[in-house]
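Engineer: Its first residue numbered 1, the sequence shown is counted upward by one per residue in the working numbering. We treat Cβ as the ideally placed atom computed from N, Cα and C, and that holds for glycine.
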Amino acid sequence: MVFEASTMATMCTSWASCAVLLYLVLFLTPCCPILVTALPALSYLTPNASTSWTNSLSAPDSVKFDDGSFARIILAREFNHYFKTGCGCGFFYNQTRNTHVFAIFTLSYDDVNAVNISKSKDPKVVWFANPENPVSINATLQLTSEKGLVLKDAKGTTVWSTNILSKSVAGLNLTEMCNLQLLDDKSATVWQSFDHPTDTLVVGQKLVAGQQLTSQGGLFSLHVTRQGIFAYVSSNPPQRYFTYTSDNTSHIQFLEDRMTFSSNTNTDFPLPSSNFFPNRYMTLGADNGRLKVYDILWGEVFDFFDRLKVLPCLFPTVCGNYGICSNGQCSCPRPINATGYFQATKETQPDHGCSLITPLSCEVSKNHILLELKEITYFPFTQDPPGINPAHQHINLDSCKQACLKDCSCKAAFYNSSKSLGNCYLLSQIYSLMAVDQDNTDFKVYIKVQNPIQQQTNQQTNHRKKKQVIMGSSLGSLLVIFLLIGIFALLFWKKENADEAEEYYLDHVPGMPTRYSYDDLQAITENFNKELGRGGFGTVFEGTLLDGTKVAVKCLDSFSQIKKSFLAEVETIGSIHHINLVRLIGFCAEKYHRLLVYEYMSNGSLDRWVFHKNPEMLLDWKLRKKIIIEIARGLSYLHEDCRQKIVHLDIKPHNILLDENFNAKVSDFGLSKLVDHDQSQVVTNMRGTPGYMAPEWLSSMITEKVDVYSFGVVLLEILCGRRNFDHSQPEEAMHLLDLFKKNIVEDRLLDLVDKCSEDMQLHGGEVVNTMRVAAWCLQNDFTRRPSMSMVVKVLEGAVNVESDLDYFFSNPSLPNMRAGVENQEVHIVAASSLFPSILSGPR
């Protein structure tokens with residue numbers, strides 16, 4: 001708890017409390033803001049002339065956080081002594097939103113006795129009083145006995161107050177659970193922040209029937225009622241996207257290791273285990289409406305809606321407005337017998353939704369038409385149907401459509417009928433739509449669009465007729481020319497056939513990224529002026545798009561050899577999107593030029609941060625653990641969440657890229673293999689990088705578990721800070737897997753922890769536990785390796801490592817790599833991997 005000196009005299013209600021305060025004054029007052037952990041839980045500030053605070057960043061108890069936020073801390077509490085975390089309340093300035101609010105927020109610090117809060121990192125606001133009425137500098141907060149807390153702006157106008165009626169306030173207290181309380185003279189609670197939830201629940205907090213969480217910005221809300229839990233997205237009327245019914249529900253409560261539902265059938269939903277529960281909080285996301293559990297230090301740890309098996313396509317904004325969600329993939333509507341009405345809001349980001357090419361206008365409503373979408377439904381209809389206007393009940397389909405066309409605010413009509421008459425739902429706001437496997441003839445979906453002006457249509461028709469007349473009169477004279485052209489085309493057909501097939505293929509693959517001309521890429525890269533690095537298949541250059549976005553442009557060399565690699569890479573990642581996969585922005589396939597345009601990754605590839613012993617480039621344990629989990633999530637998505645299973649086949653540190661925030665992303669899909677989910681194994685030629693290739697490559701019969709093996713090698717390299725094969729080491733230590741096996745047997749795994757990093761040594765126990773995950777991934781028998789989704793669960797602490805493991809690790813002896821095209825691929829990649837990568841983009 002942070003105190004001002006003038007308030008201390010009012011608190012000496014006993015000899016013991018005065019002794020504590022004397023200690024604080026004599027020993028701690030000269031230091032930076034003080035976090036009191038010795039005072040009893042009911043210690044509080046009393047209302048008097050001194051309990052008034054101004055929103056001034058020059059105040060001695062004002063601090064600046066690493067993310068640019070400011071706060072003037074009025075009270076603070078510690079709740080995790082081991083990790084030195086706690087919470088505080090006071091004025092909080094969010095730099096991103098440019099708002100000042102009175103709030104409760106998380107803290108991390110360096111010294112328990114004299115807390116250097118100014119080193120706090122990325123605070124999270126868990127409660128705020130005035131989100132709709134932010135204040136500015138020089139606003140004031142006062143603690144009074146009549147009204148409790150009163151917040152006034154710089155002009156003196158009351159913005160918010162606790163509005164205590166007929167009760168007297170004797171003190172202000174912040175509990176260890178981050179609950180801000182107003183107490184009377186008998187220490188009874190008069191008012192508390194727990195009774196006024198915003199968008200977040202902290203450990204121990206209840207959400208009782210009649211209360212709700214509302215996301216920042218107000219787009220989503222989660223309501224607890226006597227009938228259960230319901231989540232809505234804002235519209236008129238609100239649209240429900242989540243329902244959990246439970247009779248006579250009194251409350252839900254977020255506890256350390258579970259979420260409890262108190263009702264006629266009490267239900268517990270376990271959460272992933274952790275040794276540091278108080279660090280957690282649960283927030284309703286402002287951009288997606290998901291209810292997620294976070295850790296102050298480690299970030300997101302759990303999605304509660306995933307625990308309830310809520311499908312991704314049921315979330316209103318998963319594919320943006322008008323976007324159609326199908327198995328986690330997003331696309332724009334394709335009405336029956338109609339084209340040219342919808343376009344992606346962002347071509348390279350399908351999940352940002354779609355828009356009408358011709359916006360709707362009430363001034364030309366006569367040109368509005370309804371287009372039917374087949375095999376489509378809408379998320380509210382997977383829950384209880386939304387409310388309906390009585391005038392739209394029990395009407396026929398034509399009446400429903402006409403009602404939407406006459407109402408300018410109507411954006412779509414949904415008709416549900418089991419017989420000749422049914423119910424008509426008119427919606428003024430359209431969020432994400434959902435694809436279904438089979439069309440429901442009783443459920444019709446119509447989207448309102450604006451038809452092109454009829455005059456333009458007639459002009460186009462007349463123009464086509466004129467062209468037909470000209471072409472008809474000229475047909476005779478051109479027949480001989482066409483025959484000659486056909487003969488010459490036939491002579492060159494064999495030579496051009498392969499290129500034409502590729503062109504056709506690239507133009508017809510659904511969900512392809514932007515296609516650039518070679519001249520465009522010359523301009524973007526300033527004629528390929530700034531080289532970022534070289535790899536096995538080409539050179540990477542830095543470029544800048546017209547909107548200022550930096551990109552990495554990979555120019556593939558030796559066209560005849562990389563054609564298959566180019567097609568594989570475009571086909572594989574051109575239509576998939578995941579936060580831990582490098583995003584392919586576009587490509588160029590023009591004459592003999594083949595180029596790929598990727599998002600720019602400013603921190604380059606992982607190998608330069610793990611293998612180079614520059615003290616300024618060493619990663620601490622927290623960052624390495626984060627990178628490991630993100631690599632695992634990316635591979636889990638490729639193996640299990642795509643329409644076709646994607647086996648990467650070349651996982652290594654060179655192909656893991658890091659952005660400016662050290663978020664890890666898997667890159668370089670030139671050797672990847674598409675596999676149907678019903679195929680247990682596939683036969684393919686050997687490809688990959690020696691040292692990272694699983695033993696089963698010797699039989700050419702592989703599964704996605706070859707990626708798991710490669711991940712195990714990469715994981716071990718990250719933890720040990722060295723390459724799998726290192727010539728600089730003594731002969732007995734050159735092969736990391738052999739050394740790993742030896743140290744496991746001798747119970748000396750701590751000896752392998754990266755010795756160049758003091759932080760890694762400090763967290764040696766956690767690092768050794770993670771090494772056991774690597775041992776599981778490196779099993780010679782691929783059937784005993786875990787799936788990547790299982791690896792993610794283990795790394796997040798939800799599942800334990802398999803105990804009965806085989807520690808006979810081996811790198812297979814590869815056959816002659818110079819025999820055959822595929823094997824030449826292996827040789828090329830192997831050669832490039834001998835040199836450290838300096839790429840700031842994919843290879």
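Would you report the Cα separation of Val-829 and Leu-584, rounded to the nearest angstrom?
Structural biologist: Because the pLDDT at Val-829 is just 36, under 50, the model does not fix this residue reliably, and the point stays unresolved.
Engineer: Based on DSSP bridge pairs, tell me the residues matched to Ala-103.
Structural biologist: In the DSSP output, where bridge partners are listed per residue, Ala-103 has Gly-90, Phe-128.
Engineer: By DSSP, does Ile-627 sit in helix, in strand, or in coil?
Structural biologist: Helix at Ile-627.
Engineer: For Phe-541, collect the residues of the same chain with a Cβ closer than 7 Å to its Cβ; drop the 5 residues on either side in sequence, then sort them by chain order.
Structural biologist: Taken in chain order, the residues that qualify are Thr-525, Phe-528, Lys-530, Glu-531, Leu-532, Val-553, Cys-555.
Engineer: For Glu-732, which of helix, strand or coil comes out of DSSP?
Structural biologist: Here Glu-732 sits in helix by DSSP.
Engineer: Pro-270 bridges to which residues according to DSSP?
Structural biologist: The partner list for Pro-270 (beta bridge, DSSP) reads Arg-258.
Engineer: On the three-state DSSP scale, how would you describe Met-177?
Structural biologist: Coil.
Engineer: In the DSSP assignment, find the alpha helix (DSSP H) that holds Ala-344 and state where it starts and stops.
Structural biologist: First-last for Ala-344: 342-344, but that is the beta strand (DSSP E), not the alpha helix (DSSP H).
Engineer: Where does Ala-774 fall in DSSP's three states?
Structural biologist: The answer is helix: DSSP assigns Ala-774 an H, G or I state.
Engineer: Identify, in the order they occur along the chain, each residue of the same chain with its Cβ nearer than 8 Å to the Cβ of Cys-410, setting aside the five sequence neighbours on each side.
Structural biologist: Ala-403, Cys-404, Leu-426, Leu-427, Ser-428, Lys-448.
Engineer: Nearest by alpha-carbon distance to Asp-804: which of Arg-785, Val-791, Met-790 is it?
Structural biologist: Closest option to Asp-804, Cα to Cα, is Arg-785.
Engineer: Tell me whether Ile-470 sits in a helix, a strand or coil according to DSSP, three-state version.
Structural biologist: Three-state DSSP puts Ile-470 in a helix.
Engineer: In whole angstroms, give me the CA-to-CA distance for Asp-668 and Asn-655.
Structural biologist: Between Asp-668 and Asn-655, the C-alpha separation is close to 6 Å.
Engineer: Run through the DSSP bridge pairs and tell me what Ser-355 is partnered with.
Structural biologist: According to DSSP, which records beta bridges pairwise, Ser-355 is partnered with Gln-343.
Engineer: To the nearest angstrom, how far is the alpha carbon of Thr-265 from that of Gln-212?
Structural biologist: Going from the Cα of Thr-265 to the Cα of Gln-212 covers about 21 Å.
Engineer: Looking only at its own chain, which residues have a Cβ that is under 6 Å from the Cβ of Ala-5, when we skip the five neighbours before and after it?
Structural biologist: Only weak support exists for where Ala-5 lies, its pLDDT of 31 falling under 50; the value from the coordinates is given anyway. Nothing meets the Cβ criterion.
Engineer: So which of Ala-523, Arg-723, Ser-235, Val-597 has the shortest CA-CA distance to Thr-514?
Structural biologist: Selected option, being the one with the closest Cα: Val-597.
Engineer: Looking only at C-alpha atoms, which of Asn-179, Tyr-93, Asp-184 sits nearest to Ala-170?
Structural biologist: Cα-wise, what sits closest to Ala-170 is Asp-184.
Engineer: Tell me the DSSP secondary structure of Tyr-281 in three-state form.
Structural biologist: Strand.
Engineer: Under a three-way DSSP split, which group does Asp-306 fall into?
Structural biologist: Asp-306 falls in the helix class under three-state DSSP.
Engineer: DSSP beta-bridge partners for Ile-845?
Structural biologist: Limits of the chain in this structure are 1 at one end and 843 at the other, which puts residue 845 out of reach.
Engineer: What is the rounded straight-line gap between the Cα of Ser-787 and the Cα of Gln-438?
Structural biologist: Cα-Cα distance, rounded: 31 Å.
Engineer: Determine which residues share a DSSP beta bridge with Ser-108 and list them.
Structural biologist: According to DSSP, Ser-108 bridges with Thr-85.
Engineer: Assign Glu-822 to one of three DSSP states: helix, strand, or coil.
Structural biologist: Since pLDDT at Glu-822 reaches only 36, below the 50 mark, its modelled position is unreliable, and no value is offered.
Engineer: Would you report the Cα separation of Asn-816 and Arg-723, rounded to the nearest angstrom?
Structural biologist: Its pLDDT being 41, under 50, Asn-816 is placed unreliably by the model, and the measurement read from it follows with that caveat. Between Asn-816 and Arg-723, the C-alpha separation is close to 23 Å.
Engineer: Three-state secondary structure (DSSP) at Lys-152?
Structural biologist: Strand, per DSSP.
Engineer: Rounded to a whole number of angstroms, what is the C-alpha to C-alpha distance between Lys-346 and Phe-662?
Structural biologist: C-alpha separation (whole angstroms): 25 Å.
Engineer: Using the DSSP secondary-structure output, state which residues sit across from His-763 in a beta bridge.
Structural biologist: In the DSSP output, where bridge partners are listed per residue, His-763 has none listed.
Engineer: Could you check the C-alpha separation between Cys-424 and Thr-198 for me, to the nearest Å?
Structural biologist: Each residue's alpha carbon lies about 35 Å from the other.
Engineer: With DSSP as the reference, please indicate the residues paired to Leu-795 in a beta bridge.
Structural biologist: For Leu-795, which the question treats as bridged, DSSP gives no partner whatsoever.
Engineer: Would DSSP call Cys-424 helix, strand or coil?
Structural biologist: In the structure shown, Cys-424 sits in a strand (DSSP, three-state: E or B).
Engineer: Can you tell me where the beta strand (DSSP E) holding Arg-72 begins and where it ends?
Structural biologist: Segment 70-80, the beta strand (DSSP E) holding Arg-72.
Engineer: Considering just the uninterrupted stretch of the alpha helix (DSSP H) at Phe-220, what are its terminal residues?
Structural biologist: From DSSP, Phe-220 is part of no alpha helix (DSSP H) but of the beta strand (DSSP E) over 220-225.
Engineer: When the Cα atoms are used, what is the spatial distance from Met-282 to Leu-360?
Structural biologist: Roughly 39 Å separates the two Cα atoms.
Engineer: Whole angstroms are fine: how far does the CA of Pro-653 sit from the CA of Tyr-692?
Structural biologist: Looking at the two C-alpha atoms, the distance is approximately 10 Å.
Engineer: Report buried or exposed for Ile-702, applying the criterion of at least 16 other Cβ atoms within 10 angstroms of its Cβ.
Structural biologist: By the neighbour-count rule (16 or more Cβ atoms within 10 Å), Ile-702 is buried.
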